[in-house]
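Residues 2 to 302 (my numbering) make up the sequence shown, in order.
First the structure, in the form of structure tokens, and then the observations on it.
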Amino acid sequence: MLAGLQDIDWIVLLQTPLFSAFIFCVGLCIGSFLNVCIYRIPLDRPVTYPGSHCAVCGSPIAWQNNIPVLSWWLLRGRAACCGVKIDWRYWVVEALTGCLYLALWHHYVHGENPQPQLWLPYAVLCSMLIAATCIDIDHFMIPDRFTLGAIALGLIFSTLIPSMHEKTTMAAGFTASFWGAAVGFFLLWGVSQIGSFVFRKEAMGAGDFKFLGGMGAFLGVASIGWIIVVSSIVGSFFGLAIIFGKQGSWGTRIPYGPFLAIAAVAWFFGGKDATTDWIQNFQDRVLTPPGEVRTFQQPGE
């Protein structure tokens, strides 16, 4: 039996449409759970008890009315128990989680160099990014379980799966994750201090420092510059759109966490390659003497 299992081409098996459909469904279900976390965690309520129930009348939600995405559309955005309007964001969170899970699956399993072991840690990170983003939009805060929790999980995953940072040993994986968390936290803290000094008011909350630290723990030092630059650009365009759309003013408060999350997701799908290519080109053109070849290395290698 074991010999038969060894003969199976697991990569080919994982690349079948059936597995892709399964991963998408898993993402939808996780997205449904994230909706529970988004609603309950800021209220300091447990996420596992009681079961799903109407936030208005308290009636338990029947299973057929709790199917991710589908139930919202079948119910036309209204609760079956009391008819109260259900926020459209519920199905969007579920669909977004499913799509991200599927995109990560195709990126790391169907790519030229399949690395299926990377799917789980990055799917966990994306789940935390989605929940933290929604909470930050609603409450202008990011709970520690999504910031310090991301740092802790990043260190654990990186130690167990050092290939997350292109390492081969557990010690090297932990070191790369540690430096990613430290640089992410303290670099954004420094930027915040400069912003607070220039504008004479708090530029961003401590949750943002820890949030970027968590991303660094998963993605490494090389991702930090990309995330800060891209999040700042996207946030600036969003702020200008609000101002020129007359939906706010220069003093309108905007959460920074969502833009950090967008930049982190972009790192998976092109940001990492673009950053690596830029650093390599910079080394080749500026730092490398003629005839010498150098390759980019992250701290801890």
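Even for Gly, the Cβ is constructed at its ideal location relative to N, Cα and C.
Since the model is a prediction, treat every value here as computed from it, not as a measurement.
At the level of alpha carbons, what is the spacing between residue i and residue j?
i: L213; j: A207; result: 10 Å
i: S197; j: G191; result: 10 Å
i: L121; j: Q281; result: 29 Å
i: F20; j: M129; result: 23 Å
i: I1; j: S33; result: Residue 1 lies beyond the range of the chain shown here (2 to 302); nothing can be said about it.
i: P43; j: S164; result: 34 Å
i: G174; j: F245; result: 46 Å
i: R79; j: K86; result: 5 Å
i: P47; j: L119; result: 30 Å
i: P69; j: A124; result: 18 Å
i: I62; j: A182; result: 40 Å
i: F187; j: L149; result: 14 Å
i: W180; j: W279; result: 21 Å
i: L189; j: A264; result: 14 Å
i: A22; j: S237; result: 37 Å
i: F60; j: N66; result: Contrary to the premise, residue 60 reads as Ser rather than Phe in this sequence. Roughly 12 Å separates the two Cα atoms.
i: P18; j: F270; result: 21 Å
i: E167; j: H108; result: 16 Å
i: W64; j: I31; result: 15 Å
i: P117; j: H140; result: 36 Å
i: G112; j: V57; result: 46 Å
i: R146; j: Y50; result: 18 Å
i: D8; j: E95; result: Legend: pLDDT at D8 = 46, less than 50; position of this residue unreliable, no value from coordinates given.
i: I195; j: T253; result: 20 Å
i: I157; j: G84; result: 45 Å
i: I375; j: T176; result: The question about residue 375 has no answer here: the residues shown for the chain are numbered 2 through 302.
i: V199; j: D88; result: 39 Å
i: R41; j: V93; result: 18 Å
Could you check where the alpha helix (DSSP H) with residue i kicks off and where it finishes?
i: F231; result: Checking the displayed sequence, the identity of residue 231 turns out to be Val instead of Phe. Its alpha helix (DSSP H) spans residues A223 to F245.
i: H166; result: Per DSSP, H166 belongs to no alpha helix (DSSP H) and is neither H nor E.
i: G214; result: A207 to L220
i: L119; result: Here L119 belongs to no alpha helix (DSSP H), and DSSP marks it neither H nor E.
i: I263; result: G258 to A267
Please tell me whether residue i and residue j are closer than 7 Å, where the distance is taken between their beta carbons.
i: G185; j: I225; result: yes
i: A151; j: G215; result: yes
i: V110; j: L15; result: yes
i: C55; j: C38; result: no
i: G1; j: T98; result: Residue 1 lies beyond the residue range present for the chain, which begins at 2 and ends at 302; the question has no answer from this structure.
i: A223; j: G155; result: no
i: I255; j: G272; result: no
i: A227; j: T169; result: The amino acid occupying residue 227 in the given sequence is Trp; Ala does not appear at that position. Result no, Cβ atoms of W227 and T169 do not sit closer than 7 Å.
i: F25; j: L75; result: no
i: I131; j: L35; result: yes
i: F210; j: V235; result: no
i: A267; j: V230; result: no
i: V91; j: W73; result: Correcting the residue identity first, residue 91 is Tyr in this sequence and not Val. Yes, these two residues count as a Cβ contact at 7 Å.
i: P1; j: I12; result: In this structure the chain extends from 2 to 302, so residue 1 is not present and cannot be described.
i: S178; j: S159; result: yes
i: L101; j: C135; result: no
Of all the CB atoms in chain C, is at least one closer than 7 Å to the CB of residue i?
i: I229; result: Reference to chain C is not applicable here, since this structure consists of a single protein chain.
Sorry if obvious, but does the Cβ on residue i come closer than 6 Å to a heavy atom of the ligand ZN?
i: P115; result: Judged by which ligands are present, the structure shown has none, so any question about the ligand ZN falls away.
- Item | Complete runs of the alpha helix (DSSP H) confined to the segment 36 to 113 [at least 4 residues] | The alpha helix (DSSP H) runs lying completely inside the segment 36 to 113 and spanning 4 residues or more are 71 to 75 and 90 to 110, given in chain order.
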